[in-house]
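For what it's worth, this note's numbering labels the leading residue of the sequence shown as 4, then goes sequentially. The C-beta atom is built at its ideal place from N, Cα and C for all residues, glycine as well. One structure is given here, and the rest of the page talks about it.
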Amino acid sequence: MTTRCGFAAIVGAPNAGKSTLLNRMTGAKLSIVSPKAQTTRFRVLGILMRAQSQILLVDTPGIFKPKRKLDRAMVQAAWTGAEDADLVVLLVDAKTGATEAVREIATNVGKRGGRAWLVLNKTDLVPAPRLLPLIATLNELASFQETFMVSAANGDGVAQLMDALAAGVPEGPFLFPEDDLTDLPDRLLAAEMVREQIFLQTHEEVPYGATVETESWQEKPDGSVRIEATIYVARANHKSILIGAGGSRIREIGARARTGLAQLLERPVHLFLNVKERAGWDEENARLRAIGLEDPR
Ligand SMILES: Nc1nc2c(ncn2[C@@H]2O[C@H](COP(=O)(O)OP(=O)(O)OP(=O)(O)O)[C@@H](O)[C@H]2O)c(=O)[nH]1
Ligand SMILES: [Mg+2]
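Here's what the structure looks like:
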């Protein structure tokens with residue numbers, strides 16, 4: 004029996020719905036999602052079995068104009084994801100359309116050469132006739148072999164995209180065990196669940212000034228796991244916002260992250276959070292490496 008296996012990197016502007024699409028396709032909450040831009044900071048692999056194919060989906064950070072070292076490492080991770088992939092899926096938010104940022108990304112995808120598909124997302128928000136001119140505009144910037152229209156939020160069109168990916172990845176043996184969902188270590192998934200709650204529950208600079216690292220992981224005899232994580236913040240006032248009046252905010256962040264983690268890990272979780280001020284962490288190579296980013300070139 005012929006099997007197929009290959010990497011498909013989902014790239015695009017921040018907030019296009021890349022992580023939502025990865026989660027929708029794998030049926031698991033692997034990559035964190037928020038209404039804010041620049042939620043994803045590193046590549047997240049989702050392993051999808053379909054027909055006789057293993058599709059290795061790579062969610063990437065949104066591509067934007069980087070300022071900090073963290074930003075540069077994020078954008079570099081996105082383009083490296085594209086370079087390493089057999090197929091690039093350019094995901095475009097159909098509601099915001101062909102913004103200048105999107106056009107620039109499309110142009111670069113075109114320059115990369117290789118196989119590229121265009122996927123318009125959030126079609127639940129846009130009347131169908133508006134999609135055709137958008138497809139035409141984007142096809143002037145790069146030659147996409149295929150175009151799909153999906154809603155990652157409600158699942159419309161996603162099955163067709165998955166079928167096409169299953170048929171479109173190259174022939175070859177599976178690279179991962181068939182029941183694996185990702186290659187991300189549990190410690191990183193745990194830290195990400197906490198970071199997602201920071202993105203959902205705090206605003207302005209606070210989520211962008213925070214990073215999370217899992218400090219300890221203890222399996223308990225009763226089957227539960229005790230996790231300690233540190234949230235590093237860029238400023239003292241961010242620390243007080245994160246902690247909240249009488250510790251209310253940090254409690255809520257912990258409670259929601261714990262619920263999500265218990266679901267993902269399929270066992271009870273005890274989660275302990277510390278908040279530490281660490282100015283300049285977003286320029287520190289060690290902090291970037293802790294979340295799997297390489298030093299930016
Ligand atoms: N209405 C609608 N909203 C969507 C759809 N897909 C994603 N969203 C929403 O768009 C927002 C951004 O989604 P993400 O999946 O975090 O986007 P992303 O491209 O991964 O963003 P970054 O990681 O910041 O680059 C979230 O609020 C999602 O719920 C969709 O098909 N329809
Ligand atoms: Mg994302």
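Quiz prompt | N-terminal and C-terminal residue of the beta strand (DSSP E) that R202 is part of | solution = Note on residue identity: the sequence assigns Phe, not Arg, to residue 202. Segment D189 to Q204 is the alpha helix (DSSP H) holding F202; no beta strand (DSSP E) there.
Quiz item: So what does DSSP say about M4, is it helix, strand or coil?
Solution: Three-state result, M4: coil.
Exercise. Can you give me the start and stop residues for the beta strand (DSSP E) that K279 sits inside?
Key: Here the beta strand (DSSP E) through K279 covers V272 to E280.
Quiz item: Any idea which residues DSSP pairs R118 with across the strands?
Solution: Beta-bridge pairing links R118 to L90.
Exercise. Please determine, among D285, E280, L276 and E269, the residue with the shortest C-alpha to C-alpha distance to R238.
Key: Checked all of D285, E280, L276 and E269; the closest Cα to R238 is E280.
Quiz prompt | Cβ pair K21, S37 closer than 9 Å | solution = At the C-beta level, K21 and S37 stay beyond 9 Å of one another.
Quiz item: For T150, which three-state DSSP category applies?
Solution: Annotated three-state conformation of T150 is strand, per DSSP.
Quiz prompt | Distance, L94 Cα to I129 Cα | solution = According to the sequence provided, residue 129 is Val. The question's Ile does not apply to it. Taking the straight line joining both Cα atoms gives about 15 Å.
Quiz item: If you count every other CB in all the chains shown that lies within 10 Å of the CB of A80, and 16 or more means buried, which is it?
Solution: Buried, because 16 or more other Cβ atoms sit within 10 Å of the Cβ of A80.
Quiz item: Since Q221 is in the beta strand (DSSP E), which residue starts that stretch and which ends it?
Solution: Note, Q221: beta strand (DSSP E), A213 to E222.
Quiz prompt | Same chain, Cβ closer than 6 Å to F45, neighbours up to 5 away in sequence not counted | solution = Excluding sequence neighbours, F45 sits near A80, I294, G295 and L296.
Quiz item: Taking 8 Å as the line, does the beta carbon of D74 fall inside it for any heavy atom of ligand 1?
Solution: Exclusion of D74 from the 8 Å shell around ligand 1 follows from its C-beta lying no nearer than that to any non-hydrogen atom of the ligand.
Quiz item: Does the region 187-199 touch the region 216-226, meaning 3 or more C-beta pairs lie closer than 8 Å?
Solution: Contact between the region 216-226 and the region 187-199 is present: 3 or more CB-CB pairs across the two stretches fall below 8 Å.
Self-check item: Three-state secondary structure assigned by DSSP to A12
Solution: Note: A12 maps to strand in three-state DSSP.
Quiz item: With 16 other CB atoms within 10 Å as the buried threshold, where does T5 fall?
Solution: T5 should be labelled exposed.
Self-check item: For Q266 and S154, the rounded distance between their alpha carbons
Solution: Here the C-alpha atom of S154 lies approximately 24 Å from the C-alpha atom of Q266.
Self-check item: Member of M152, L191 and P173 whose CA lies at the smallest distance from the CA of T126
Solution: Checked all of M152, L191 and P173; the closest Cα to T126 is M152.
Quiz item: Would you call the region 140-147 and the region 108-117 touching, i.e. three or more CB-CB distances under 8 Å?
Solution: With a cut-off of 8 Å, the region 108-117 and the region 140-147 count as touching, because enough Cβ pairs lie within range.
Quiz item: Taking S56 as the reference, which of G283, D182, H206 and I246 has the closest Cα?
Solution: The shortest C-alpha separation from S56 is found at D182.
Quiz item: Is I50 helix, strand or coil when you go by DSSP?
Solution: I50: strand per DSSP, three-state reduction.
Quiz prompt | Where D186 sits in the DSSP three-state scheme | solution = DSSP places D186 in coil when its eight states are reduced to three.
Self-check item: Bridge partners - A232, DSSP secondary structure assignment
Solution: Residue pairing by DSSP puts A232 in a beta bridge opposite T217 and L276.
Quiz item: Under a three-way DSSP split, which group does L135 fall into?
Solution: In the displayed model, L135 falls within a helix according to three-state DSSP.
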